[in-house]
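Student:
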Amino acid sequence: MPKKLSRNTHENEVTDESVYLSRRSLLKGFGGSILGYHSPLLYSDKSSSTGNEFGSELHQMLFQKIKSRLKEDAIKLAESTPFNYASSYNNFYEFGSGKSDPKKNAKKFITDPWEVSVQGECDGAGTYHLEDLVRPHLLEERIYRLRCVEAWSMVIPWVGLPLLSLLKRFKPRSNAKYVKFETLYDPIQMPGQKSLFSAIEYPYVEALRMDEATNELSFLALGMYGKILPNQNGAPIRLVVPWKYGFKSIKSIVKIEFVEERPVTTWMKSNPREYGFYSNVNPSVDHPRWSQATERRLPSSIFSPNIRPTEMFNGYGDEVAYLYRGMDLKKFY
Ligand code: MTE
Numbered sequence: 003m004p005k006k007l008s009r010n011t012h013e014n015e016v017t018d019e020s021v022y023l024s025r026r027s028l029l030k031g032f033g034g035s036i037l038g039y040h041s042p043l044l045y046s047d048k049s050s051s052t053g054n055e056f057g058s059e060l061h062q063m064l065f066q067k068i069k070s071r072l073k074e075d076a077i078k079l080a081e082s083t084p085f086n087y088a089s090s091y092n093n094f095y096e097f098g099s100g101k102s103d104p105k106k107n108a109k110k111f112i113t114d115p116w117e118v119s120v121q122g123e124c125d126g127a128g129t130y131h132l133e134d135l136v137r138p139h140l141l142e143e144r145i146y147r148l149r150c151v152e153a154w155s156m157v158i159p160w161v162g163l164p165l166l167s168l169l170k171r172f173k174p175r176s177n178a179k180y181v182k183f184e185t186l187y188d189p190i191q192m193p194g195q196k197s198l199f200s201a202i203e204y205p206y207v208e209a210l211r212m213d214e215a216t217n218e219l220s221f222l223a224l225g226m227y228g229k230i231l232p233n234q235n236g237a238p239i240r241l242v243v244p245w246k247y248g249f250k251s252i253k254s255i256v257k258i259e260f261v262e263e264r265p266v267t268t269w270m271k272s273n274p275r276e277y278g279f280y281s282n283v284n285p286s287v288d289h290p291r292w293s294q295a296t297e298r299r300l301p302s303s304i305f306s307p308n309i310r311p312t313e314m315f316n317g318y319g320d321e322v323a324y325l326y327r328g329m330d331l332k333k334f335y
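Position one of the sequence shown corresponds to residue 3 (my numbering), numbered consecutively onward.
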């Protein structure tokens with residue numbers, strides 16, 4: 003739940019309106035709207051004219067960053083996938099491999115109480131109640147594109163906290179090179195885990211390199227569309243790594259482990275030729291059985307397929323490309 007302003011916040015701690023307005027005048031010149039969305043950040047203060055406000059490199063960079071932030075917000079309004087879609091077209095093999103199985107089979111999934119065990123190369127190992135993990139954090143909304151390896155995509159407004167802000171509380175040691183996550187293993191509640199025909203082994207395991215995990219985009223979601231996460235979307239806590247194929251975004255996490263060696267993750271183990279450790283969204287590296295150059299943005303239908311080109315790193319290259327500098331991404335897929 004988002005924190006409220008503390009009751010004893012003093013009046014003089016609240017930013018004065020004139021200070022706020024003069025800050026906004028920095029944005030002079032970037033008037034108008036994106037996709038019809040009028041944001042307060044677009045406010046243009048006609049009374050202040052300081053000449054070449056966007057001339058410096060810093061201002062150019064801030065301008066671009068703010069513009070792309072606004073684009074993200076505009077996507078929320080113009081393109082976000084309807085909630086009913088995002089919560090009924092799911093991949094959660096523990097509850098069945100059909101897209102409509104998770105919603106149907108996860109109805110009674112018990113997510114309270116919920117504990118997360120933290121292990122490995124850190125000074126804060128232990129077993130924590132989820133409420134103790136979440137309580138000190140101010141939750142925030144992140145509108146991210148989700149690109150599945152199966153070549154469909156959605157835009158989802160998640161609510162949660164940056165992965166980094168949780169991980170640092172466990173004080174990882176310098177020899178922690180990767181962070182590994184595990185989903186609950188409970189075949190009584192999760193019928194897919196009993197299936198003799200399952201394509202994967204359980205518990206579901208995912209992992210990130212430490213620098214990926216601590217990148218600002220890596221996010222732990224507890225909610226979406228302003229609601230508590232539906233069971234089929236990975237309640238009560240799941241990972242969201244928007245520049246990687248959706249299967250890296252592991253659901254219903256019960257274990258976080260800091261490790262030195264690169265873990266073998268679930269889909270890599272199931273078919274290493276088709277699924278690599280990195281699994282960065284990459285339109286120029288095809289899946290052995292289909293192209294990754296385009297995607298079907300949901301909702302889509304035969305009459306309106308809504309096909310669009312897939313972007314490198316799912317469009318998040320500015321924030322993450324540095325992580326892979328010098329790496330051959332065809333080899334490290
Ligand atoms: N996590 C677990 N534990 N089990 C799964 O089957 N499927 C992954 C990922 N996380 C999966 C999982 C895949 S393939 C995708 S595309 C996303 O969850 C889908 O998330 P969504 O159902 O919320 O859209």
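Built from N, CA and C at the ideal position, the CB exists for glycine as well. Remember, it's a predicted structure, so these values are computed and weren't measured experimentally.
1. Which residue's Cα is closest to the Cα of Val-261: Ser-119, Ala-209, Arg-275?
2. Given a cut-off of 9 Å, decide if Asn-235 and Asn-92 are closer than it, judged by their beta-carbon atoms.
3. Is it buried or exposed for Asp-103, if we count other Cβ within 10 angstroms and need 16 for buried?
4. Leaving aside the five residues before and after Val-322 along the sequence, list all residues of the same chain whose C-beta is less than 7 Å from its C-beta, in chain order.
5. Terminal residues of the continuous alpha helix (DSSP H) containing Tyr-269?
6. Assess, as a yes-or-no matter, whether the stretch 306-315 is touched by the stretch 266-278 under the definition of 3 or more beta carbon pairs within less than 8 Å.
7. What are the boundary residues of the beta strand (DSSP E) that includes Leu-163?
8. Checking 9 Å against the spacing of the C-beta atoms, do Tyr-87 and Leu-300 come in under that value?
9. What whole-angstrom Cβ distance do Leu-141 and Val-157 have, given they're in contact under 8 Å?
10. So, does the stretch 175-184 touch the stretch 282-292, judging by three or more C-beta pairs under 8 Å?
11. Grouping DSSP H, G and I as helix and E and B as strand, with all else coil, what is Gln-66?
12. According to DSSP, simplified to helix, strand and coil, what is Gly-328?
13. Put Tyr-146 into one of helix, strand or coil per three-state DSSP.
14. Any C-beta of chain C sitting closer than 9 Å to the C-beta of Met-156?
15. Is Asn-357 near the ligand MTE, going by C-beta to nearest heavy atom under 8 Å?
16. Secondary structure at Phe-1, three-state DSSP: helix, strand or coil?
Tutor: So, from the data block:
1. In terms of CA proximity to Val-261, Ala-209 leads the group Ser-119, Ala-209, Arg-275.
2. Yes.
3. By the Cβ neighbour-count rule, Asp-103 is buried, with 16 or more other Cβ atoms within 10 Å of its own.
4. Residues Asn-217, Leu-219, Trp-245, Phe-315 of the same chain have their beta carbon placed closer than 7 Å to that of Val-322, with the five preceding and five following residues left out of the count.
5. The sequence given here has Trp at residue 269, not Tyr. Run containing Trp-269: 268-272, per the alpha helix (DSSP H) assignment.
6. Of all C-beta pairs linking the stretch 266-278 to the stretch 306-315, fewer than three are shorter than 8 Å, placing the two stretches out of contact.
7. Its beta strand (DSSP E) spans residues 154-164.
8. Contact flag set, yes.
9. Between Leu-141 and Val-157 a beta carbon distance of about 19 Å is seen, past the 8 Å cut, so the two are scored as non-contacting.
10. By the Cβ rule, the stretch 175-184 does not count as touching the stretch 282-292, because fewer than three pairs are nearer than 8 Å.
11. DSSP, reduced to helix, strand and coil, places Gln-66 within a helical segment of the structure shown.
12. In this structure, Gly-328 counts as coil in the three-state DSSP scheme.
13. Strand, per DSSP.
14. Going by chain labels, chain C is absent from the structure shown, which holds only one protein chain.
15. Absent from the model: residue 357. The displayed extent of the chain is 3 to 335, so no value can be given.
16. With the chain represented from 3 up to 335, any question about residue 1 goes unanswered, as that position is not in the structure.
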